[in-house]
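In this note's numbering, the protein residues as written are 407 to 691. Note that CB positions come from ideal geometry on N, CA and C, so glycine has one too. Keep in mind it's a predicted model, so treat the numbers as computed, not measured.
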């Protein structure tokens, strides 16, 4: 019985990255479908749940990806609506690598120091990774703020995450490096989740900050998000702070992604979203 993974992507072309990791995670065949929406996914879901016998359904699974996290969440909701009784298969959501990247980064921070009760700032936190990292930090007991160049975007992200996860996040408008530097003045934890090749902080903004304990940067494309750090940092001590770079925790991200794919084929009733993926990450970190 072959392990079949159906890759449901909200972008026109299914992600090559996700396809490769799916094979490395143990899928025998990966079947990609792009341009999917809640309106056109129904027949594909039917094909996954009405074919194999109950004992064999665990060998069919769905991976939801694409660059748009909100679109991915809507697609997951539509997929789950098609399930009933034993007619279901396991599903994983990881739009833009949001869940696995955020989970790996936050899990490494949690393994390096205390999170509960600390003040955390997620820089450029309105993107897929930033939103998920903010939620995971909040779930670990941190008081979390997210920054954006536009207050309206920060407020919208905070509202979306409260509605989905029930967490309270604080929006901060920070339109340049100096403003972001000011936003972290009282922070204990800093997580940079900006776009590739965009510097969010210079070294002068954080190196002498006595409150900062833990730092993570999810950007591996020069210039990286936090100046004065290195993408290869693996719990490196820099200016008295523990620093994790994108490649430093990227090893866990890839291992986590593969582990989640493998887990999908253990049973036919799993939904792997932010909460479940983060729990797996913490056991691996």
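Residue i (DSSP reduced to helix, strand or coil)
| i | result |
| --- | --- |
| residue 458 | coil |
| residue 488 | coil |
| residue 687 | helix |
| residue 647 | strand |
| residue 694 | Since the first residue of the chain shown is 407 and the last is 691, residue 694 is not available in this structure. |
| residue 581 | coil |
| residue 594 | coil |
| residue 527 | strand |
| residue 570 | helix |
| residue 641 | strand |
| residue 442 | coil |
| residue 452 | helix |
| residue 620 | strand |
| residue 471 | strand |
| residue 410 | strand |
| residue 538 | helix |
| residue 504 | helix |
| residue 610 | helix |
Distance CB(residue i)-CB(residue j) smaller than 8 Å
| i | j | result |
| --- | --- | --- |
| residue 599 | residue 528 | yes |
| residue 539 | residue 524 | no |
| residue 408 | residue 435 | yes |
| residue 617 | residue 585 | no |
| residue 526 | residue 550 | yes |
| residue 664 | residue 430 | yes |
| residue 498 | residue 666 | yes |
| residue 488 | residue 451 | yes |
| residue 505 | residue 679 | yes |
| residue 620 | residue 595 | yes |
| residue 481 | residue 535 | no |
| residue 553 | residue 522 | no |
| residue 661 | residue 627 | no |
| residue 495 | residue 455 | yes |
| residue 561 | residue 568 | no |
Reference residue i, options the options, closest by Cα
| i | options | result |
| --- | --- | --- |
| residue 532 | 476, 491, 521 | 476 |
| residue 442 | 649, 468, 423 | 468 |
| residue 623 | 555, 508, 422 | 508 |
| residue 610 | 626, 617, 632 | 632 |
| residue 650 | 637, 662, 661, 660 | 637 |
| residue 558 | 620, 648, 576 | 576 |
| residue 503 | 604, 474, 590 | 474 |
| residue 674 | 620, 465, 608, 470 | 465 |
| residue 544 | 564, 500, 556 | 564 |
| residue 689 | 517, 554, 537 | 517 |
| residue 668 | 433, 493, 625, 424 | 433 |
| residue 629 | 640, 606, 639 | 606 |
| residue 578 | 556, 457, 670, 437 | 556 |
| residue 672 | 604, 461, 568 | 461 |
| residue 681 | 647, 515, 417, 500 | 500 |
| residue 647 | 670, 659, 625, 615 | 615 |
| residue 641 | 588, 515, 684, 659 | 515 |
| residue 588 | 608, 572, 449, 570 | 608 |
| residue 410 | 670, 684, 683 | 670 |
Euclidean distance between Cα positions of residue i and residue j
| i | j | result |
| --- | --- | --- |
| residue 412 | residue 686 | 22 Å |
| residue 479 | residue 582 | 30 Å |
| residue 613 | residue 677 | 41 Å |
| residue 472 | residue 485 | 15 Å |
| residue 635 | residue 645 | 10 Å |
| residue 691 | residue 537 | 21 Å |
| residue 445 | residue 453 | 16 Å |
| residue 417 | residue 437 | 15 Å |
| residue 428 | residue 419 | 16 Å |
| residue 490 | residue 422 | 31 Å |
| residue 639 | residue 604 | 18 Å |
| residue 566 | residue 492 | 31 Å |
beta-carbon residue i near the ligand ADP non-hydrogen atom, thresh 7 Å
| i | result |
| --- | --- |
| residue 575 | The model on display carries no ligand, and the ligand ADP is accordingly not part of it. |
field: the segment 496 to 515 / the segment 643 to 663 touching (three or more Cβ pairs under 8 Å)
entry: yes
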